[in-house]
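The sequence shown begins at 1 in the UniProt record's numbering and counts up one residue at a time. Virtual Cβ for every residue (Gly too), placed ideally from N, Cα, C. Inspection log for the structure reproduced underneath, given as structure tokens.
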Amino acid sequence: MKDHQIQVRVRYSETDQMGVVYHGNYIPYFEIGRVEWLRNKGISYKSMEESGIALPIVSMNINYKKSARYDELLTVHTIFKSQSSVKIEFDCAIYNESDELLTTAQFILVFVSLKTGRPIAPPNYILELLKTIE
Numbered sequence: 001m002k003d004h005q006i007q008v009r010v011r012y013s014e015t016d017q018m019g020v021v022y023h024g025n026y027i028p029y030f031e032i033g034r035v036e037w038l039r040n041k042g043i044s045y046k047s048m049e050e051s052g053i054a055l056p057i058v059s060m061n062i063n064y065k066k067s068a069r070y071d072e073l074l075t076v077h078t079i080f081k082s083q084s085s086v087k088i089e090f091d092c093a094i095y096n097e098s099d100e101l102l103t104t105a106q107f108i109l110v111f112v113s114l115k116t117g118r119p120i121a122p123p124n125y126i127l128e129l130l131k132t133i134e
């Protein structure tokens with residue numbers, strides 16, 4: 001399955017004086033979505049790092065449509081888009097409790113060796129997983 005959803009409640013510390021989520025706090029919400037997408041597919045990001053592989057963001061595009069507010073329960077949608085050579089791409093969206101679309105995003109991440117800091121091909125277990133959902 002390409003899509004995964006997880007819910008996150010907006011904490012007070014993530015908002016401004018008007019109770020609106022600060023724009024930079026959407027990035028951690030999307031990160032939670034990507035990490036949990038992997039976990040849902042049986043891949044621990046922590047284990048991947050322990051084996052010497054990181055997955056940093058090299059490109060992101062975020063489109064803010066409507067504000068999230070303090071104490072709202074948000075649903076983060078993470079959708080696998082594609083994988084090619086050393087890159088993996090995700091489309092993401094955040095909805096509020098009324099199922100209103102708040103934010104969309106596209107992320108490109110690159111598999112990187114923690115030893116060399118250079119891009120590497122994804123490990124076979126990830127390639128095998130991606131074959132099953134494409």
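Taking a contact as a CB-CB distance under 8 Å, the pair LEU55 and PHE111 counts as one, their CB atoms being some 6 Å apart.
Annotated three-state conformation of PRO119 is strand, per DSSP. Taking the CA atoms as reference points, ASN40 sits about 11 Å from THR78. About 6 Å separates the beta carbons of LEU74 and VAL10, which is inside the 8 Å limit, making them a contact pair. Nearest Cα to GLU31 within the set ILE6, ARG69, MET18: ILE6. Under DSSP, the beta-bridge partners assigned to VAL110 are LYS87.
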